[in-house]
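Heads up, the thing below is written out as structure tokens.
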Amino acid sequence: MVLVWRKNLRTCRLFFVRPKCADSCYFASDSHEWVKIDGNSAIVGITDHAQDHLGDVVYVELPEAGAAVTQGSSFGAVESVKATSDINSPVSGKVVEVNEELNSSPGLVNVSPHENGWIIKVEMSDTGDLNSLMDSEQYTKFCEEEDAKH
Amino acid sequence: MTISQTRNVGLPLMKLVRWKGVPILQQLHLEEQLLRTSSENWCIINDGTNDPTIVMGISGKPAQLLKLDSVLNDRIPVIRRYTGGGTVVVDCGTVFVTFICNKDAVPGLQPYPQPIMSWSSLLYALVFRGFGDFSLRENDYVFGNHKFGGNAQSITKNRWIHHTSFLWDYEARNMAYLKLPARAPEYRVARDHLEFICRMKDYMPRSVFVDRTIKAVETYFSVRPVQLEAMETNLNSKFSHSTKLLTEQELEAAAFESHFEKGLSHSL
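Sequence order for the protein chains is A and B. If you use our numbering, the first sequence corresponds to residues 27 to 176, in order. If you use our numbering, the second sequence corresponds to residues 10 to 277, in order.
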């Protein structure tokens, strides 16, 4: 939330600012996950668009560290009230770390989808996987077009 | 071509499986496998299941949801299913209806929980028209403010499943296995199970419900009945299900942990 002082009206107003992934993020548009490169690892989570459409996340099914992930395939799930939804990896590789915080605070996926709500860190097997993903601008446009269709 | 055949032209195909009394574990296993390995649309109607069984959602914890001493004493099977949502006790009085669809099967439907839930309520509004004050209320099907249908979903990249357990009838003693859940819809207003739910049989005959459901499905899909035996031979026997029947040891361990924590909190 951002507090803005409107000088001409001499009032304050609270604005909700949608969380924005860093410009260095890549996006899997067909399943709404993001990936950010951090040194030798790729950090993966679900996008703000996804969490907004899923609703309140009450449980995150995490993989074990050491598990293999394949680009486009499911590695876990989020539960939101009545539904489980697959989380698909945007890159292939090996899980090196999972966000254990999500066991006690699954709602982090809703309030901070691109930061504290990260889900896994992956040691990538092929950096070429990023070539098939969208950048931030392309993904934003994709989501706007998808929402406009419905 | 007949008028009904003309109407079906252009509608996506949906295969219909009609069962009676199939064990709920078998039903859930088939559903999960069809969701993950089939590319077709399916409707499964299971009219009752053979034995009383408790079915929890994917994150269900027995100690929090169940009165485990009674469950263990009465040897009631407990399943943790692959979909989200809450806990139900099912038996021969429960009618199950499941839709397994490709994400583009229903034109204009976004494959997310709320749109799918809303679409299902439109379908069932056709079923219950004239039989009661039906509505979708916070993800439950209700007559007035009494729940008679519980829903759950699972959504993959390209497909989704929406399944419902309908309380055509129930045994009051079976509801006693369930604790009041921590997560409950607001309209429940802390009512216990028997004050919260109602029986569908007080509103419509069982066969009428099944027939009207199939008719409602036909407004969205071209329905083709299939036989169970023919289907089972095509399924991959190596498929790994996440739906599990909890063992007696797991339930006893949960009961022990629950008693231990209760004892600890009393002594503090």
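Glycine included, each C-beta is placed from N, C-alpha and C at the ideal position. None of the values given here were measured: they were computed from a predicted structure.
Sorted by chain position, which residues of the same chain lie with C-beta nearer than 8 Å to residue i's C-beta, five sequence neighbours on each side aside?
i	result
B:Leu-81	Glu-257, Leu-260, Glu-261, Ala-264
A:Ser-158	Gln-97
A:Pro-89	Val-95, Phe-101, Gly-102, Val-121, Val-124, Ile-146
Where does residue i land, buried or exposed, given buried means 16+ other C-beta within 10 angstroms?
i	result
B:Ser-163	buried
A:Ser-111	buried
B:His-9	The structure shown does not extend to residue 9 of chain B, since chain B is modelled only from 10 to 277, so the question has no answer here.
B:Val-235	exposed
B:Leu-75	buried
B:Leu-237	exposed
A:Ser-106	buried
B:Lys-247	exposed
B:Lys-29	exposed
A:Lys-147	buried
A:Lys-175	exposed
A:Asp-64	exposed
B:Thr-58	buried
B:Thr-242	Model confidence at B:Thr-242 stands at a pLDDT of 47, short of 50, so the residue's coordinates are unreliable and nothing is read from them.
A:Lys-167	exposed
B:Lys-156	buried
Does any residue of chain B bring its CB to less than 8 Å from the CB of residue i?
i	result
A:Thr-110	yes
A:Leu-80	yes
A:Asn-114	yes
A:Asp-152	no
A:Asp-155	no
A:Tyr-52	no
A:Tyr-165	no
A:Asp-56	yes
A:His-75	no
Locate the alpha helix (DSSP H) running through residue i, then write down its first and last residues.
i	result
B:Asp-78	77-82
B:Trp-169	Counting along the chain, B:Trp-169 falls outside any alpha helix (DSSP H), though it belongs to the beta strand (DSSP E) covering 168-176.
B:Gln-9	Nothing about residue 9 of chain B can be read from this structure; chain B reaches only from 10 to 277.
B:Phe-152	Unbroken run through B:Phe-152 is the beta strand (DSSP E), 149-152; no alpha helix (DSSP H).
Can you check whether the C-beta of residue i is within less than 8 Å of a C-beta belonging to chain A?
i	result
B:Gly-117	yes
B:Gln-123	yes
B:Asn-50	no
B:Tyr-150	no
B:Thr-8	Look at the range of chain B in this structure, 10 to 277, and you will see that residue 8 of chain B is not part of it.
B:Gln-162	yes
B:Gly-158	no
B:Thr-242	Any reading at B:Thr-242 is ruled out, since the residue's pLDDT is 47, under 50, leaving its predicted position unreliable.
Please work out which residues of its chain come closer than 6 Å, Cβ to Cβ, to residue i, disregarding the five sequence neighbours upstream and downstream, and give them in chain order.
i	result
B:Asn-154	Tyr-196
B:Ala-239	In this prediction, B:Ala-239 scores a pLDDT of 44, lower than 50, which makes its location untrustworthy; the coordinate-derived value is nonetheless stated afterwards. Excluding sequence neighbours, B:Ala-239 sits near nothing in its chain.
B:Phe-105	Asn-55, Ser-174
B:His-171	Phe-108, Ile-125, Ser-129, Gln-162
B:Val-136	Arg-221, Thr-222, Ala-225
B:Tyr-179	Gly-102
B:Gly-19	none
A:Val-86	Val-104, Leu-128, Pro-132
Just reading off the beta strand (DSSP E) that residue i is part of, what are its end residues?
i	result
A:His-75	Where A:His-75 is concerned, there is no enclosing beta strand (DSSP E), although the alpha helix (DSSP H) it sits in stretches over 74-80.
A:Asp-64	59-64
B:Cys-284	For residue 284 of chain B there is no data in the structure shown, the boundaries of chain B being 10 and 277.
B:Arg-89	87-89
A:Ala-109	109-114
B:Arg-27	22-29
B:Lys-112	Looking at the DSSP string, B:Lys-112 is not in any beta strand (DSSP E), and its letter there is neither H nor E.
Please work out which residues of its chain come closer than 7 Å, Cβ to Cβ, to residue i, disregarding the five sequence neighbours upstream and downstream, and give them in chain order.
i	result
A:His-75	His-58, Cys-169
Contact between the segment 47-54 of chain B and the segment 121-136 of chain B is defined here as three or more beta-carbon pairs at a separation below 8 Å; is this criterion met?
no
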